[in-house]
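Here's the structure we're looking at; comments come further down.
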């Protein structure tokens, strides 16, 4: 499986605080990798470094073999993201936002692409509605539509279903699984919903204090560590990371 | 540079202005009020000064030129503030957009918005108060050019300050023209100023515009080398402002400030 994302010995410190400590991992094509960990584990810091909005202290990030540090624009051309804490500007309509970001990602046949995404994410009726007046779930769908605009090879999703009701969340998970399965891209996904992670991700990385403690198939990982579920494994990791580190 | 990326920044600003009366009105209302106010002050002063002395070209013309610089500067900063207010940095700087493209987009947006203000000022000053631009002749072109470049430089500098110091630093940006104006002699010859202020005037490009304008109005001619020097200084300041903004951006990427402008915390 060829890699869409390759992270090597990534480090980030804020003064004395080590946020990310020698992180190395890959995301392959058609793969959905879950980046899990308690708050402060370094998930968002890692995503921000992959997106080029945060400079690593050391290490290397390559998206489809393109180094983010030296060829930022080319690397980000193949990438997109949606994060619960980064909604699109509320003072533009859904269509206006998609058009602006479509130009920023130099999307070809933009009008057709926007029409297809509005349909795909059930946003047609909100086409001319300002994003700021949409519900949080609708805003999340707009963010996801934006994230799909350029058919990215690497899709970064930071808690993408956090504000969605279960029915819409399931629908979104299916769309993202389809994206990974049918296209040529890969997905890096963070979530605190372990049931969702188990359903969606083909591989998970457990982060604690900026380091990967565990890696594996979310369906088999709990039993490998004598835990009943992924959630139980997550809780024990969050409470006693050193115990698992020793194992 | 990718022109599509630059077009995206301009289009975003166009959408915002088109859909909002509170963004359209400031483009020309304050500039228009300034012209009306100073137009009447000038008319009154013309009645109390010796006959034959017309203050319209020197006083009202100066107000128009100075307001143009302010509109250009605010055109850049307002376009930048839209990203600050909508907490859009993470979205926008995680795209393939480069800093030079972003700044070019802000400048183009400013050209469009400041043109509206300039048009309203020109129409009011010429039709209501009888200002004639023929007085200045062809020198009007370099006058506007120097002030435009200076406005761009100040706009980029102000944006860099807000990027570095955070949204509350907006307060630092608005008074910048007011702080500069005493030194550039908008309403009086530079010879009026004490020596130490004149030293500062020499490195401020608008000084050469207003001195040149007064020289023409009083029947003389403006020294071309002064305006040339002013143009060179303005160009230098644009380059320095771009350098400053880029440095601040790199600092923000290094420290995580760009991400924190949107995200409350970094985990």
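Protein chains in written order, with the working numbering: chain E, 1 to 247; chain P, 248 to 514. Using N, Cα and C, we set each Cβ at its ideal position, and we do this for glycine too.
Determine the DSSP secondary structure at residue 10/E, reduced to helix, strand or coil.
strand
Please identify, using Cβ separations under 9 Å, the residues of the stretch 369-403 of chain P that lie next to chain E, in order along the chain.
none
Any heavy atom of the ligand NAD closer than 7 Å to the beta-carbon of residue 284/P?
With respect to small molecules bound, the structure shown includes none, and the ligand NAD cannot be examined in it.
Taking the CB atoms as reference points, tell me whether residue 123/E and residue 141/E lie closer together than 8 Å.
In this structure, the beta-carbon distance from residue 123/E to residue 141/E falls below 8 Å.
Close-in-space but distant-in-sequence residues of the same chain around residue 263/P (CB under 8 Å, 5 per side omitted)
270 and 329
Distance CB(residue 305/P)-CB(residue 464/P) smaller than 8 Å:
yes
Contact under 8 Å by Cβ, residue 131/E with residue 88/E:
Cβ atoms of residue 131/E and residue 88/E: closer than 8 Å.
Determine, using beta-carbon pairs with one atom in the stretch 265-285 of chain P and one in the stretch 216-234 of chain E, whether at least three such pairs fall under 8 Å.
With fewer than three CB-CB distances shorter than 8 Å, the stretch 265-285 of chain P does not count as touching the stretch 216-234 of chain E.
Boundaries (first-last residue) of the alpha helix (DSSP H) holding residue 489/P:
471-502
Is the stretch 194-211 of chain E touching the stretch 48-62 of chain E, taking contact as three or more C-beta pairs under 8 Å?
no
Are the beta-carbon atoms belonging to residue 388/P and residue 481/P less than 8 Å from one another?
no
Coil, strand or helix - residue 151/E by DSSP:
coil
At the level of alpha carbons, what is the spacing between residue 512/P and residue 43/E?
The predicted model places residue 512/P with a pLDDT of 35, which falls under 50 and marks its position as unreliable; any figure quoted below should be read in that light. Taking the straight line from one Cα to the other gives about 12 Å.
Does the beta-carbon distance from residue 51/E to residue 189/E come in below 8 Å?
no
Can a CB atom of chain E be found closer than 8 Å to the CB of residue 470/P?
no
Tell me, which residues are paired with residue 164/E by DSSP?
Beta-bridge pairing links residue 164/E to no other residue.
Could you check what DSSP says for residue 62/E in three-state terms: helix, strand or coil?
Residue 62/E: strand per DSSP, three-state reduction.
To be precise: take each residue of the stretch 110-130 of chain E, compare its Cβ to all Cβ atoms of chain P, and keep it if any distance is under 9 Å. Which residues remain?
130
Listed from N- to C-terminal order along the chain, which residues in the stretch 188-213 of chain E have their beta-carbon within a distance smaller than 9 Å of any beta-carbon of chain P?
When C-beta distances to chain P are compared with 9 Å, every residue of the stretch 188-213 of chain E stays at or above that value.
Going by other Cβ atoms of all chains shown within 10 Å of its Cβ, with 16 needed for buried, is residue 338/P buried or exposed?
buried
So, at 8 Å on beta carbons, what are the nonlocal neighbours of residue 257/P in its own chain, with the 5 sequence-adjacent residues on each side left out?
352, 355, 356 and 359
For the stretch 271-306 of chain P, which segments carrying the alpha helix (DSSP H) assignment without a break, of at least 4 residues, lie completely within its bounds, in sequence order?
276-295
Report the neighbours of residue 419/P on chain E: residues whose CB is nearer than 9 Å to its CB, in chain order.
Result: empty, since nearest Cβ-Cβ is about 24 Å, beyond 9 Å.
Spell out the partners DSSP gives residue 25/E in its beta bridges.
7/E
Out of 495/P, 311/P and 412/P, which one is the CA nearest neighbour of residue 366/P?
311/P
Comparing alpha-carbon positions, which option in 197/E, 173/E, 25/E and 9/E lies nearest residue 121/E?
Of the candidates 197/E, 173/E, 25/E and 9/E, the one whose C-alpha sits nearest the C-alpha of residue 121/E is 173/E.
Neighbour list for residue 341/P in chain E, Cβ cutoff strictly below 7 Å
51, 52, 53, 76 and 81
What are the boundary residues of the alpha helix (DSSP H) that residue 418/P is part of?
417-420
Would you give the residue range spanned by the alpha helix (DSSP H) that residue 97/E belongs to?
It spans 94-104 - the alpha helix (DSSP H) in which residue 97/E sits, taken as one unbroken run.
Going by alpha carbons, who is nearest to residue 372/P out of 325/P, 290/P, 488/P and 490/P?
Ranking the options by Cα distance to residue 372/P, first place goes to 290/P.
Could you list the residues in the stretch 475-505 of chain P with a C-beta less than 7 Å from some C-beta on chain E, going in chain order?
500, 501, 503 and 505
Can you find a CB in chain P that lies within less than 8 Å of the CB of residue 48/E?
yes
Does the distance from the CB of residue 206/E to the CB of residue 155/E come in under 8 Å?
no
Are the beta-carbon atoms belonging to residue 33/E and residue 197/E less than 8 Å from one another?
no
Enumerate, from N- to C-terminal direction, the unbroken alpha helix (DSSP H) stretches of 4 or more residues contained entirely within the stretch 421-449 of chain P.
423-431 and 442-449
Considering only the beta carbon of each residue, do residue 166/E and residue 82/E sit closer than 8 Å?
no
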